[in-house]
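Notes follow the structure.
2 protein chains.
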Amino acid sequence: MELRQLRYFIKAKELLNFTEAARQLHISQSTLSQQIGQLEDELGVLLFDRLGKRITLTEAGRLFSGYALQSIHEAESGLQVLRDLNNMNTGQISIGLTYGLRPILAPALIRFMQTWPKITIQVVLGTSAELLDKLSHLELDFVLTFHEAEKEKQFKYQLLFESPMTLVMAPHMPLAKKKNVSLEAAAELPLALPAQGYSTRAFISHVLSQKNLSPNIALEINDINMLLEVIRSGEWYSILVRTSVKQEDGVVAVPITGKDMHRKAMIISMKETYEKKSVQSFYRLLKETSKSMG
Amino acid sequence: MELRQLRYFIKAKELLNFTEAARQLHISQSTLSQQIGQLEDELGVLLFDRLGKRITLTEAGRLFSGYALQSIHEAESGLQVLRDLNNMNTGQISIGLTYGLRPILAPALIRFMQTWPKITIQVVLGTSAELLDKLSHLELDFVLTFHEAEKEKQFKYQLLFESPMTLVMAPHMPLAKKKNVSLEAAAELPLALPAQGYSTRAFISHVLSQKNLSPNIALEINDINMLLEVIRSGEWYSILVRTSVKQEDGVVAVPITGKDMHRKAMIISMKETYEKKSVQSFYRLLKETSKSMG
DNA sequence: CATTATTGATCGGTTTTATCGATGGATGTG
DNA sequence: CACATCCATCGATAAAACCGATCAATAATG
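If you read the sequences in order, they're chains A and B.
Sequential numbering from 102 applies to the first sequence in this note's numbering.
Sequential numbering from 102 applies to the second sequence in this note's numbering.
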């Protein structure tokens, strides 16, 4: 059993396709097939079921993959520790980001890349659930998302800021001059909301159902920028976290009243794994950037 | 970086002697030297300081070794999981044992070897501190020891039984017929005690100093059997946990009064690491064996 | 202090093995 | 039914792990 074989196995497990996995690993398909076979021989069990051309993970493969992943991760953490020790400042950071928090990451990202030019950064957009799943599989260094639910034991949570939910509309709308607006009033309006799957949408649905309100949802859009464009037209209203809306978007955001009508922006990372110097530095940048937010 | 290299590194780190490490790894010294060198090249740091013929771990080596060990351990846990899944019932168990608990392990060991004939068992005798150190370095599956001090977060504790401290003497001594005896009385007697380093000795010293008693220690012996032999002569008394003394030893054990005068026999293992089926079975045997104890 | 033994690094040469391209069988797909 | 796609297998090749011999440095010994 060698780390090389574990790496091959993990990639094959992720893609469930030897040909593609071999391509991504920069080896030939035959090599991958042989190395997986060799690993299976050594372990004494099949890791994949070969049903003709399709392959699926066996129960053994599922059990083993967690340990394989952890083994690889420990070795790479060791490497990273030594890099940090020597201030090599190289390596990669993988960040999970939900759509609503994009405006937060951008400025921090720019400042980070100026101080850590040799670090490669990968940003993965996705839903909160998807990203936390990736995080727990050690595919991400941390996740930036809104989070109010109960905390899981395996994760570490750092609060960045709290931000109120706002009713978003074109500047010329009558409500635009109000200091705030009630959720009940908002539910009556023709709404254009982020599509299902977005954490903001789930949050809105949750608070509405708690108050037994059935909103007037006229439009669902998969993209925040397009959503804002639609709002600017003045036909519809939307409900978004205030920090999702920037000044230059040309819309007005009026806070919605109520004690639960604010969201908590969090950095979520794995507890009890080595945290690279560069990642720690990124946390500081995010917290500084966030001071003015909320 | 491959597991092979990590295994070589760990062995070299343990022995701080490449020649001997290579011998134990069944490879030549030149191979070990090359593989360590290759690993160091890849990591970009020296893991060992070469001061002529002596080698010592560098700071980098110290940092890295924890991750290397963990990486190897995860891979081997994965292997063990699959063996358990297939009821292969092979492998090795390493047990840390303190002297005072030898009588507990022996019967469980015999029954275990009857039901799990293909499992190799390694028993390591040592002081509690030594063994817990080995445990935390994943060199042992579990440790069998008396333990009253506070619990450490990384360990899991399973209570086997509690057993009173007793005054041990030859059967013909006057005190031998008493139901119990006070610590104060015991401190006056000529005592033959286990030597420094034994957990029982540390415990005795601790309770005596708490009561401001200075005992009359006439003899210190490094071996429980020899200690008992000396006691049988009738010249001295000793203080031991009751379970350390068997019927056939030909001595009498009279409980010492006082609420803290009993010791807790524990199974201590690592939290959050995979526990082999065979080890779990060993726990059950130990608990059954212990029911009659205390 | 000179001698000897021991240790780790290095250098060719050998063996092992990881890898590749080609091929074939199996299985979906149009 | 032809066709594309996927994984396993085979022989050949390149890479690497490994070994024995040797050397320099150092510790141990008399």
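Yeah, the Cβ is synthetic: ideal placement off N, Cα and C, and Gly gets one too.
Legend entry - Stretch pair the region 378 to 389 of chain B + the region 216 to 233 of chain B: three plus CB contacts closer than 8 Å: yes
Inset, instruction - Over the uninterrupted beta strand (DSSP E) stretch that includes A:MET327, give me the two end residues. - result: Premise fails: A:MET327 lies in the alpha helix (DSSP H), 325 to 333, not in any beta strand (DSSP E).
Inset, instruction - Determine which residues share a DSSP beta bridge with A:LYS257 and list them. - result: A:SER370
Inset, instruction - Compare the C-beta of A:TYR168 against all C-beta atoms of chain B and say whether one is closer than 8 Å. - result: Judged by the 8 Å Cβ criterion, A:TYR168 is in contact with chain B.
Inset, instruction - Can you grab the Cα-Cα spacing for the pair A:ILE196 / B:GLN181, in whole Å? - result: The alpha-carbon atoms of A:ILE196 and B:GLN181 are separated by roughly 33 Å.
Inset, instruction - Excluding the 5 residues preceding and the 5 following A:LEU226 in the sequence, name in chain order all residues of the same chain whose CB lies nearer than 6 Å to its CB. - result: LEU198
Inset, instruction - Could you say which of A:PHE119, A:MET362, A:ARG212, A:ASP185 lies nearest to A:LYS312 if we only look at CA atoms? - result: A:MET362
Inset, instruction - For A:LEU116, collect the residues of the same chain with a Cβ closer than 7 Å to its Cβ; drop the 5 residues on either side in sequence, then sort them by chain order. - result: ALA122
Legend entry - Exposure label - B:PRO295; buried when at least 16 CB within 10 Å: buried
Legend entry - Same chain, Cβ closer than 7 Å to B:LYS392, five either side skipped, listed in chain order: If we look at B:LYS392 and ignore the five residues flanking it on each side, it has no Cβ neighbours.
Inset, instruction - Take B:PRO291 as the anchor and find which of B:TYR299, B:SER264, B:VAL331 has the nearest alpha-carbon. - result: B:VAL331
Inset, instruction - Kindly list the residues whose CB is nearer than 8 Å to the CB of B:ILE205, restricted to its own chain and excluding five residues on each side of it in sequence; keep chain order. - result: LEU245, LEU261, THR344, ALA366, LEU387, THR390, SER391, MET394
Inset, instruction - Can you give me the start and stop residues for the alpha helix (DSSP H) that A:ALA293 sits inside? - result: Taken as a continuous stretch (DSSP letters only), A:ALA293 belongs to no alpha helix (DSSP H), being part of the beta strand (DSSP E) at 292 to 295.
Inset, instruction - Tell me, please, whether the region 122 to 138 of chain A touches the region 142 to 158 of chain B by the rule of three or more beta-carbon pairs shorter than 8 Å. - result: no
Inset, instruction - Report the three-state DSSP secondary structure of B:HIS248 (helix, strand or coil). - result: B:HIS248 falls in the coil class under three-state DSSP.
Inset, instruction - Kindly indicate which residue of A:ARG155, A:TYR168, A:ASP185 has the alpha-carbon position closest to the one of B:LEU183. - result: A:TYR168
Legend entry - Contact check, B:ARG105 vs A:GLU103, beta carbons under 8 Å: The answer is yes: Cβ separation under 8 Å.
Inset, instruction - Give, in chain order, every residue of the region 137 to 164 of chain A whose Cβ lies closer than 7 Å to some Cβ of chain B. - result: LEU144, GLY145, VAL146, ALA161, LEU164
Legend entry - Contacts of A:ASN187 in chain B (Cβ-Cβ under 9 Å): GLY145, VAL146, ALA161
Inset, instruction - Report the rounded CA-to-CA distance for A:GLU349 versus A:LEU158, giving the unit in angstroms. - result: Answer to the nearest angstrom: the Cα atoms are 49 Å apart.
Inset, instruction - Return yes when the Cβ of B:PHE304 is within less than 8 Å of the Cβ of A:GLY179, no when it is not. - result: no
Inset, instruction - Assign B:TYR258 to buried or exposed, taking buried as 16 or more other Cβ atoms, counted over all protein chains shown, within 10 Å of its Cβ. - result: exposed
Inset, instruction - Leaving aside the five residues before and after B:ALA288 along the sequence, list all residues of the same chain whose C-beta is less than 6 Å from its C-beta, in chain order. - result: LEU314, PRO316
Inset, instruction - Please check if any C-beta of chain A sits within less than 8 Å of the C-beta of B:ARG343. - result: No, its Cβ sits nowhere closer than 8 Å to a Cβ of chain A.
Inset, instruction - Report yes if the C-beta distance between B:TYR338 and B:MET266 is below 8 Å; otherwise report no. - result: no
Inset, instruction - Kindly indicate if chain A contains any beta-carbon less than 8 Å away from that of B:VAL182. - result: yes
Inset, instruction - Identify, in the order they occur along the chain, each residue of the same chain with its Cβ nearer than 8 Å to the Cβ of A:LEU232, setting aside the five sequence neighbours on each side. - result: Within the same chain, A:LEU232 has close Cβ partners GLY197, LEU198, THR199, VAL225, LEU241, VAL244, THR246.
Legend entry - Inter-residue spacing [alpha-carbon to alpha-carbon] between A:ARG151 and B:LYS372: 36 Å
Legend entry - Nearest neighbour of B:TYR299, chosen from B:ASN188, B:ALA113, B:ASP324, B:GLN193 [CA to CA]: B:ASP324
Inset, instruction - Could you tell me which chain A residues have their CB closer than 7 Å to the CB of B:SER229, listed as they occur along the chain? - result: Correct list: empty, because the minimum Cβ distance to chain A is about 26 Å.
Inset, instruction - For A:ARG105, go through chain B and note every residue whose CB falls closer than 7 Å to its CB, in chain order. - result: Per Cβ cutoff of 7 Å: GLU103.
Legend entry - Distance CB(A:GLY192)-CB(A:LYS377) smaller than 8 Å: A contact, by the Cβ cut-off of 8 Å.
Legend entry - Three-way DSSP call (helix, strand, coil) for B:PRO356 in this model: Taken through DSSP and simplified to helix, strand or coil, B:PRO356 comes out as strand.
Legend entry - Proximity of A:ALA176 and B:SER172 at Cβ, strictly below 8 Å: Judged by beta-carbon spacing, B:SER172 lies within the 8 Å limit of A:ALA176, meaning their Cβ atoms are closer than that value.
Legend entry - Short CB-CB distance (under 8 Å) between B:GLY179 and chain A: yes
Legend entry - Beta-bridge partners of B:ASP150, as assigned by DSSP: Looking at the DSSP output, B:ASP150 shares a beta bridge with B:THR157.
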